[in-house]
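Enquirer:
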Amino acid sequence: MIKTITCIGAGYVGGPTMAVMALKNPGIKFHIVDINQARIDAWMSDDLPIYEPGLDEVVKQTRGKNLFFSTDVAGAIKEGNMIFISVNTPTKKYGVGKGRAADLKFVELCARQIAQFAEEDKIVVEKSTLPVRTAQSIKKILSSTSNGHSFQVLSNPEFLAEGTAIDDLMKPDRVLIGGDQNEKGQKAISELVNVYSSWVPRENIITTNIWSSELSKLTANAFLAQRISSVNAISALCEATGADVEEVAYAIGTDSRIGPKFLKSSVGFGGSCFQKDILNLVYLCEFFGLHEVARYWEQVVSMNDYQKTRFASKIITTLFNTVSGKKIAFLGWAFKKDTNDTRESAAIYVADQLMNDEADISVYDPQVEEARMYKDMEELETRTMDRNKKQLSMTEDPYEACKDAHAIAVLTEWDEFKDLDWQRIYANMKKPAFLFDGRLILDRKALSDIGFEVYTIGKG
Ligand code: UDX
Ligand code: ADP
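The sequence shown runs contiguously to residue 467 in this note's numbering.
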């Protein structure tokens with residue numbers, strides 16, 4: 008019987024997942040630990056570290072009852088019968104596999120800590136997105152460093168999307184659990200099935216072998232990202248031919264074999280998963296000598312890079328081939344609406360390209376903090392922080408961001424952008440006033456009537 012569940016890593020995945028599990032399993036104690044004290048402090052406060060619709064409510068109902076947060080990793084490992092590893096696995100920035108392979112140092116450290124502190128047998132669950140066969144490494148570390156305890160390793164990939172995490176967790180299309188195909192493995196799987204069964208219908212819980220589970224996660228994200236890259240590829244052709252990408256997407260999406268979802272053309276996909284997982288897949292294929300397969304998937308990422316570059320280039324060429332010294336307003340910095348996450352956001356790359364052309368950028372985003380934005384630019388290592396601060400700023404007022412700007416670029420599809428007073432924005436801009444909608448959220452006709460010169464991705 009599982010009495011206590013521990014989760015290592017209080018991020019975008021670990022936090023919401025455990026909060027919903029706690030809500031649905033009042034009889035089980037959930038303990039989330041993180042090495043980042045500030046993050047834990049925020050989880051304990053009224054100002055949660057991540058913005059996610061509905062999350063506040065779930066945390067309010069569970070925190071202090073059966074959901075606890077701390078930095079006591081050792082203590083939480085000791086008390087948990089089941090331990091979720093939910094730490095970050097960014098793309099490696101150094102050494103072998105640089106720019107492609109997942110950096111597993113945080114996962115490895117967790118495995119070593121579990122082996123060191125465990126005082127009884129445990130079920131260890133991979134929750135982070137990991138390359139296929141990571142479970143093998145975790146198993147090896149656990150079995151070679153533990154003091155005689157046995158560990159079952161399960162793969163339980165998370166399919167939630169940020170911005171809709173709570174809904175996705177409450178009503179998942181499916182839950183996937185992979186484990187060893189022997190008696191102990193099956194027993195561990197059934198323990199985790201029981202935790203989910205308290206709210207997920209049993210037929211929506213899929214159990215597989217561990218490698219299938221790991222590979223399904225990478226494949227699901229690669230397929231989703233591929234749809235976006237496909238529609239974005241067509242958006243360029245629409246602009247060249249006079250077709251309208253929204254009409255094309257609608258027309259093809261009504262084919263039940265294709266379906267309507269994930270066909271929204273944009274300035275490019277971002278987020279912590281898509282690019283990382285595809286690069287992981289590419290790395291894995293190369294490792295196995297499957298070079299053609301590797302090139303096939305790599306193209307999804309190349310098309311995404313092209314879309315971002317194409318958007319920035321469009322701004323520069325439209326503004327008479329130079330943005331030097333011109334103020335460009337950015338509406339949105341997050342990688343999608345309803346999140347404060349900015350990992351791999353298209354805005355970062357578009358800003359970088361415009362700043363290379365000496366533009367001054369003023370950003371408004373309802374949830375992203377200024378420090379986060381500067382950190383994103385710092386991680387690119389394109390220019391000094393001093394330079395970044397001279398050319399890039401953030402304001403808390405969208406009208407201020409757009410004041411005296413030569414152009415506005417919409418980088419995130421926040422709903423509130425539709426309701427701005429566009430007459431007022433137009434009146435306070437340099438003329439001609441350009442507007443580049445990278446998210447297809449604004450009414451092109453209404454804005455043109457006001458006087459804007461509007462460019463919308465995928466519209467000829
Ligand atoms: C994704 C997967 O959807 C989720 O199942 C997985 O667990 C983690 O990765 P997430 O990255 O949170 O989730 O967001 P998602 O909604 O998939 O969007 C990713 C990016 O694609 C965003 O930048 C979004 O704006 C973009 N996108 C999405 C499009 O450009 N067009 C679309 O039609 C859909
Ligand atoms: P994700 O989107 O995968 O949830 P995040 O970066 O939001 O990724 O969260 C991962 C969390 O894991 C971070 O808060 C980080 O501090 C934490 N973390 C990383 N390594 C460890 C570790 N060894 N022990 C505890 N927490 C860790």
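Note that the Cβ used here is the ideal one computed from N, Cα and C, for glycine as well.
Hey, could you find the ends of the beta strand (DSSP E) ILE35 is sitting in?
Expert: Position 28 of the sequence shown, counted from the first residue, corresponds to residue 35. Where ILE35 is concerned, there is no enclosing beta strand (DSSP E), given that its DSSP letter is neither H nor E.
Enquirer: Compute every distance between the C-beta of CYS245 and the non-hydrogen atoms of the ligand UDX, then say whether any falls below 7 Å.
Expert: Walking along the sequence shown from the start, residue 245 turns up at place 238. No, the ligand UDX has no heavy atom inside 7 Å of this Cβ.
Enquirer: Can you check whether the CB of VAL80 is closer than 8 Å to the CB of ALA26?
Expert: Here residue 26 is taken as the residue at index 19 of the sequence shown, counted from 1. Here residue 80 is taken as the residue at index 73 of the sequence shown, counted from 1. Result no, Cβ atoms of ALA26 and VAL80 do not sit closer than 8 Å.
Enquirer: Given the structure, does ASP41 come close to the ligand ADP, in the sense that its CB is under 7 Å from one of the ligand's heavy atoms?
Expert: Position 34 of the sequence shown, counted from the first residue, corresponds to residue 41. ASP41 Cβ: within cutoff of the ligand ADP.
Enquirer: Rounded C-beta distance between LYS410 and CYS245? I'm assuming under 8 Å.
Expert: Counting from 1 along the sequence shown, the entry for residue 410 is found at position 403. Counting from 1 along the sequence shown, the entry for residue 245 is found at position 238. Incorrect: roughly 33 Å between the Cβ atoms, too far for contact.
Enquirer: Applying the criterion that 16 or more other CB atoms from any shown protein chain within 10 Å of the CB defines a buried residue, is ARG107 buried or exposed?
Expert: Along the sequence shown, one-based indexing puts residue 107 at 100. Buried, since its Cβ has 16 or more Cβ neighbours within 10 Å.
Enquirer: Just the Cα atoms here: how many angstroms apart are TRP429 and ALA240?
Expert: The residue labelled residue 429 in the question sits at position 422 within the sequence shown. The residue labelled residue 240 in the question sits at position 233 within the sequence shown. Near 30 Å, if we compare the C-alpha coordinates of ALA240 and TRP429.
Enquirer: Does the Cβ of GLU460 lie closer than 7 Å to at least one heavy atom of the ligand UDX?
Expert: Taking the first residue of the sequence shown as 1, we reach residue 460 at position 453. Every heavy atom of the ligand UDX is 7 Å or more from the Cβ of GLU460, so no.
Enquirer: Quick check: what's the CA-CA separation for THR215 versus VAL182?
Expert: Here residue 215 refers to the residue found at position 208 of the sequence shown. Here residue 182 refers to the residue found at position 175 of the sequence shown. Rounded to the nearest angstrom, the two C-alpha atoms are 11 Å apart.
Enquirer: Check whether the Cβ atoms of LYS85 and GLU126 sit closer than 8 Å, and answer yes or no.
Expert: As a position in the sequence shown, residue 85 is number 78, starting the count at 1. As a position in the sequence shown, residue 126 is number 119, starting the count at 1. A contact, by the Cβ cut-off of 8 Å.
Enquirer: Determine the closest residue to ALA416 out of ASP312, PHE459 and ALA378, with distance taken between C-alpha atoms.
Expert: As a working note, residue 416 is residue 409 in the sequence shown. Here the closest residue by C-alpha is PHE459.
Enquirer: Tell me, please, whether the region 448-457 touches the region 212-230 by the rule of three or more beta-carbon pairs shorter than 8 Å.
Expert: With a cut-off of 8 Å, the region 212-230 and the region 448-457 do not count as touching, because too few Cβ pairs lie within range.
Enquirer: What is the DSSP secondary structure of VAL40, reduced to helix, strand or coil?
Expert: What you label residue 40 is simply residue 33 of the sequence shown in a count that begins at 1. If DSSP states are grouped into helix, strand and coil, VAL40 belongs with the strands.
Enquirer: Does the structure place the region 118-132 close enough to the region 48-58 that three or more beta carbon pairs sit under 8 Å?
Expert: Taking 8 Å as the limit for Cβ pairs, the verdict is that the region 118-132 does not touch the region 48-58.
Enquirer: Assuming LEU449 is part of the beta strand (DSSP E), what are its boundary residues?
Expert: The count along the sequence shown starts at 1 and reaches residue 449 at position 442. Element bounds for LEU449: n/a, residue is neither H nor E.
Enquirer: Would you give the residue range spanned by the alpha helix (DSSP H) that LYS315 belongs to?
Expert: Here residue 315 refers to the residue found at position 308 of the sequence shown. Counting along the chain, the alpha helix (DSSP H) containing LYS315 begins and ends at 298-325.
Enquirer: Give me the DSSP bridge partner(s) of TYR462.
Expert: Start at 1 with the first residue of the sequence shown, and residue 462 comes out as number 455. DSSP output for TYR462 lists PHE443 as bridge partner(s).
Enquirer: Can you confirm whether the region 324-340 touches the region 401-410 when touching is taken to mean that 3 or more C-beta pairs between the two stretches lie within less than 8 Å?
Expert: Yes, the region 401-410 is in contact with the region 324-340.
Enquirer: Assuming ASN88 and LYS134 are in contact, meaning their beta carbons sit under 8 Å apart, how far apart are those beta carbons, in whole angstroms?
Expert: The residue given as residue 88 occupies position 81 in the sequence shown. The residue given as residue 134 occupies position 127 in the sequence shown. About 16 Å; that fails the 8 Å criterion.
Enquirer: I'd like to confirm something about SER153: is its beta-carbon nearer than 7 Å to some heavy atom of the ligand HEM, or not?
Expert: Inclusion of the ligand HEM in the displayed structure is not the case, the ligand content consisting of the ligand UDX and the ligand ADP alone.
Enquirer: Tell me whether PRO439 is buried or exposed, calling it buried when 16 or more other Cβ atoms sit within 10 Å of its Cβ.
Expert: Along the sequence shown, one-based indexing puts residue 439 at 432. So PRO439 counts as exposed.
Enquirer: Answer yes or no: do VAL131 and ILE145 have a C-beta to C-beta separation smaller than 8 Å?
Expert: In the sequence shown, the residue the question calls residue 131 occupies position 124. In the sequence shown, the residue the question calls residue 145 occupies position 138. Yes; because the gap between Cβ atoms is below 8 Å, this pair is in contact.
Enquirer: Around the Cβ of ASP348, are there at least 16 other Cβ atoms within 10 angstroms (buried) or fewer (exposed)?
Expert: What you label residue 348 is simply residue 341 of the sequence shown in a count that begins at 1. That one is buried.
Enquirer: With a threshold of 8 Å on Cβ separation, who are the neighbours of LYS396 within its own chain once the five nearest residues in sequence on each side are excluded?
Expert: Within the sequence shown, the letter at position 389 stands for residue 396. Contacts found: TYR381.
Enquirer: Is there contact here, the region 318-333 with the region 278-288, by at least three beta-carbon pairs under 8 Å?
Expert: Counting Cβ pairs under 8 Å, fewer than three are found: no touch.
Enquirer: Determine the DSSP secondary structure at CYS292, reduced to helix, strand or coil.
Expert: Locating residue 292 in the sequence shown gives position 285, where the first residue counts as 1. Three-state DSSP puts CYS292 in a helix.
Enquirer: Evaluate PRO373 with the Cβ neighbour count: other Cβ atoms within 10 Å of its Cβ, from every protein chain shown; 16 or more gives buried, anything less gives exposed.
Expert: Position 366 of the sequence shown holds residue 373. Flag for PRO373 reads buried.
Enquirer: Compare the C-alpha of SER369 against each of TRP340, ALA378, MET401 and ALA341 and name the closest.
Expert: Stepping through the sequence shown from its first residue, residue 369 is reached at position 362. That would be MET401, whose Cα lies nearest to the Cα of SER369.
Enquirer: With a CB to CB cut of under 8 Å and the five nearest residues on each side skipped, what residues in its chain are close to GLY104?
Expert: As a working note, residue 104 is residue 97 in the sequence shown. Counting only Cβ-Cβ distances below 8 Å, and skipping sequence neighbours, we find TYR290.
Enquirer: Looking only at DSSP bridge pairs, what is ILE216 linked to?
Expert: In the sequence shown, counting from the first residue as 1, residue 216 sits at position 209. Sequence check: residue 216 is Asn here, not Ile. Answer by DSSP bridge pairing, in chain order: GLY186.
Enquirer: Can you list, in chain order, the stretches of the beta strand (DSSP E) that have 3 or more residues and sit fully within the region 374-459?
Expert: Here the runs fully enclosed are 399-401, 414-417 and 441-444.
Enquirer: Look at the alpha carbon of LEU286 and the alpha carbon of ASN154, and state the distance between them as a whole number of angstroms.
Expert: Taking the first residue of the sequence shown as position 1, residue 286 is located at position 279. Taking the first residue of the sequence shown as position 1, residue 154 is located at position 147. Their backbone Cα atoms lie some 36 Å apart in a straight line.
Enquirer: If you measure from each CB to the nearest heavy atom of the ligand UDX and keep those under 6 Å, what residues do you get, in chain order?
Expert: Answer in sequence order: GLU165, PHE166, LEU167, ALA168, GLU169, ASN228, LEU231, ILE235, PHE269, LEU270, LYS271, SER273, PHE276, GLY277, GLY278, CYS280, PHE281, PHE342 and LYS343.
Enquirer: In this structure, what does DSSP give as the bridge partners for LEU74?
Expert: Stepping through the sequence shown from its first residue, residue 74 is reached at position 67. Answer by DSSP bridge pairing, in chain order: PHE37 and ARG70.
Enquirer: Does the beta-carbon of ALA256 have 16 or more other beta-carbons within 10 angstroms, so that it is buried, or is it exposed?
Expert: For this step, residue 256 is matched to residue 249 along the sequence shown. The residue in question, ALA256, is buried, as its Cβ has 16 or more Cβ neighbours within 10 Å.
Enquirer: Tell me whether the beta-carbon of ILE184 lies closer than 8 Å to the beta-carbon of PHE91.
Expert: Within the sequence shown, the letter at position 177 stands for residue 184. Within the sequence shown, the letter at position 84 stands for residue 91. For ILE184 and PHE91, no; Cβs fall outside 8 Å.
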